[in-house]
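Each remark here refers to the structure printed beneath this line.
Numbering (UniProt numbering), first residue to last: 1 to 341.
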């Protein structure tokens, strides 16, 4: 798998910005100011309409990641969660013709979606433990909804199973091509890969453990105002996976934090206020944290143009090896949680 097109440099981003301007025009906002907010899988823009003072968010999709029916499926669940499960998600703002996905024509057509602007900021680090308890409850509400929701005809999202993440498909690239991957690191992570494959196979994919998930509930995708309940944004990676993967994704890039054991316990407490979490499932939490961590090693290797990937680089691979050694050696704390240094 090659690095995606938005990592390819300024020329590509200039064309993406042109697509954003055209999408805004199609939405009936020809004079709106369009400002790039961030680039990850997609490019996200803030849109300010000088005529009304209204603000919205435009997502310009990368090429080749999701087909239009998959994007429409994402939006269907996002809207159902807000309307039926009490989870605050951004409303989709359709174009004047009613289209929720606008395809900007060109040599390489781009799908774009406009969302309402939600206030708030990423949860502050000093509130990680209480916010993880809230997040556990929100995640359980999402899982409870996913288990009973009659998905609309044509609903399609990809999977986050072993083959898709680390195996034959390796959607975000091969972890073996991660930043700073030398022979020693590869040997350690190869052992981790094998252990994860066996554990996931034993864990299984029955309906109580595997279903429709957000798949990227990290702090950057939560918006908090004051002490309120977080809003959940960016469902671009939602798909079918293990429910515990949503906890693992919440710990993305901070798996080594000294308060991770407390954060995990808080998330479990919050989750159990809504849904049961069997003790046998809880015992495998760090299997999923390491599964996600190894996947992020691959992601960093194929997203060198993304700020956080460039910042973490080879150091993230090195830290993954340290965590892997502790995981593989069975150095566990309470309820299967490795003790951070």
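Quick reminder that beta carbons are idealized off the backbone N, C-alpha and C, glycines included.
Exercise. Which residues in the same chain as residue 75 place their Cβ atom closer than 6 Å to its Cβ, once the five residues preceding and following it in sequence are excluded?
Worked result: If you number the chain shown from 1, residue 75 lands on position 75. If we look at residue 75 and ignore the five residues flanking it on each side, its Cβ neighbours are 92 and 100.
For this session: Would you please state the rounded distance, in angstroms, between the beta carbons of residue 368 and residue 118? I believe it to be under 8 Å.
Result: Nothing about residue 368 can be read from this structure; the chain reaches only from 1 to 341.
Problem set entry | Sequence-distant residues of the same chain with beta carbon closer than 7 Å to residue 123, five excluded per side | To locate residue 123, count along the chain shown from 1; it is residue 123. Cβ neighbours of residue 123 beyond the five flanking positions: 131, 219, 222, 224 and 230.
Problem set entry | Other residues of its chain near residue 239: CB distance less than 8 Å, five sequence neighbours each side excluded | In the chain shown, the residue the question calls residue 239 occupies position 239. If we look at residue 239 and ignore the five residues flanking it on each side, its Cβ neighbours are 157, 158, 159, 160, 212, 213 and 215.
For this session: Please work out which residues of its chain come closer than 7 Å, Cβ to Cβ, to residue 334, disregarding the five sequence neighbours upstream and downstream, and give them in chain order.
Result: Sequence index remark: in the chain shown, residue 334 carries index 334 (1-based). Confidence is the limiting factor: at residue 334 the pLDDT is only 39, short of 50, which leaves the residue's position unreliable and the question unanswerable from this model.
Problem set entry | Per-residue DSSP class, three states only, for residue 52 | Walking along the chain shown from the start, residue 52 turns up at place 52. Residue 52: coil per DSSP, three-state reduction.
Exercise. Taking the alpha carbon of residue 111 as the point to measure from, which residue in 63, 134 and 18 has its own alpha carbon closest?
Worked result: Along the chain shown, read from residue 1 onward, the residue named residue 111 stands at position 111. Ranking 63, 134 and 18 by CA distance to the CA of residue 111 puts 63 first.
For this session: Would you kindly check if the distance between the Cβ of residue 248 and the Cβ of residue 289 is under 8 Å?
Result: The count along the chain shown starts at 1 and reaches residue 289 at position 289. The count along the chain shown starts at 1 and reaches residue 248 at position 248. With contacts defined as CB atoms closer than 8 Å, residue 289 and residue 248 qualify as a contacting pair.
Problem set entry | Member of 43, 138 and 193 whose CA lies at the smallest distance from the CA of residue 217 | Position 217 of the chain shown, counted from the start, is the residue given in the question as residue 217. Out of 43, 138 and 193, 138 has the C-alpha closest to the C-alpha of residue 217.
Exercise. Bridge partners of residue 114, per DSSP?
Worked result: Along the chain shown, read from residue 1 onward, the residue named residue 114 stands at position 114. DSSP output for residue 114 lists 58 as bridge partner(s).
Problem set entry | Proximity winner among 269, 271, 272 and 253, relative to residue 376 (alpha-carbon distances) | Here the chain covers residues 1 to 341 and nothing more, so residue 376 does not appear.
For this session: Measure the CB-CB distance between residue 145 and residue 85 and report whether it falls below 8 Å.
Result: As a position in the chain shown, residue 145 is number 145, starting the count at 1. As a position in the chain shown, residue 85 is number 85, starting the count at 1. Note that the C-beta distance between residue 145 and residue 85 is below 8 Å.
Problem set entry | residue 241, DSSP secondary structure in three states | In the chain shown, residue 241 corresponds to position 241, counting from 1. DSSP places residue 241 in strand when its eight states are reduced to three.
Exercise. With residue 179 and residue 300 assumed to form a contact (beta carbons below 8 Å), what rounded beta-carbon distance in angstroms separates them?
Worked result: Within the chain shown, numbered from 1, the residue matching residue 179 stands at position 179. Within the chain shown, numbered from 1, the residue matching residue 300 stands at position 300. The Cβ separation is near 5 Å, so the contact holds.
Exercise. Who are the near neighbours of residue 46 in its chain, counting only those whose CB is closer than 6 Å to its CB and skipping five residues on each side?
Worked result: As a first step, residue 46 is located in the chain shown; it is residue number 46 there, counting from the start. Excluding positions up to five away in sequence, the list reads 35 and 37.
Exercise. Which residue's Cα is closest to the Cα of residue 241: 267, 226, 207 and 268?
Worked result: Numbered from its first residue, the chain shown carries residue 241 at position 241. Considering only alpha carbons, the answer is 207.
Exercise. How is the beta strand (DSSP E) around residue 210 delimited, first residue to last?
Worked result: Here residue 210 refers to the residue found at position 210 of the chain shown. Here the beta strand (DSSP E) through residue 210 covers 210 to 213.
For this session: Could you check how far apart the C-beta atoms of residue 109 and residue 103 are, in whole angstroms? I think they sit under 8 Å.
Result: The residue you call residue 109 lines up with position 109 of the chain shown. The residue you call residue 103 lines up with position 103 of the chain shown. That pair is a contact at about 5 Å.
Problem set entry | Collapsed DSSP secondary structure at residue 200 in the structure displayed | Translated into the one-based positions of the chain shown, residue 200 becomes position 200. Helix.
Problem set entry | residue 77 versus residue 15 - alpha carbon distance | Counting from one through the chain shown, the residue named residue 77 turns up at place 77. Counting from one through the chain shown, the residue named residue 15 turns up at place 15. Straight-line Cα distance between these residues: approximately 30 Å.
Problem set entry | Contact set for residue 346: own chain, Cβ-Cβ below 6 Å, skip 5 residues either direction | Coverage of the chain is limited to positions 1 through 341, which leaves residue 346 absent and any answer about it impossible.
Problem set entry | Backbone CA spacing between residue 328 and residue 197 [nearest angstrom] | The sequence position of residue 328 within the chain shown is 328, counting from 1. The sequence position of residue 197 within the chain shown is 197, counting from 1. Cα to Cα, the separation comes out at about 13 Å.
Problem set entry | residue 185 versus residue 320: straight-line alpha-carbon distance, rounded | Residue mapping note: residue 185 aligns to position 185 of the chain shown, counting from 1. Residue mapping note: residue 320 aligns to position 320 of the chain shown, counting from 1. If I take the Cα positions, the gap works out to 9 Å.
Exercise. Within this structure, are the beta carbons of residue 42 and residue 60 separated by less than 8 Å?
Worked result: In the chain shown, residue 42 corresponds to position 42, counting from 1. In the chain shown, residue 60 corresponds to position 60, counting from 1. At the C-beta level, residue 42 and residue 60 come within 8 Å of one another.
For this session: Jot down the residue ranges of each uninterrupted beta strand (DSSP E) in the region 86 to 151, minimum 3 residues, whole runs only, in chain order.
Result: Runs found: 102 to 104 and 110 to 116.
Exercise. By DSSP, does residue 189 sit in helix, in strand, or in coil?
Worked result: Mapped onto the chain shown, residue 189 falls at position 189. For residue 189, the secondary structure class from DSSP, reduced to helix, strand or coil, is helix.
Exercise. Residue 322: which of 189, 307, 88 and 155 sits nearest, CA to CA?
Worked result: Sequence index remark: in the chain shown, residue 322 carries index 322 (1-based). Nearest to residue 322 by alpha-carbon distance, out of 189, 307, 88 and 155, is 189.
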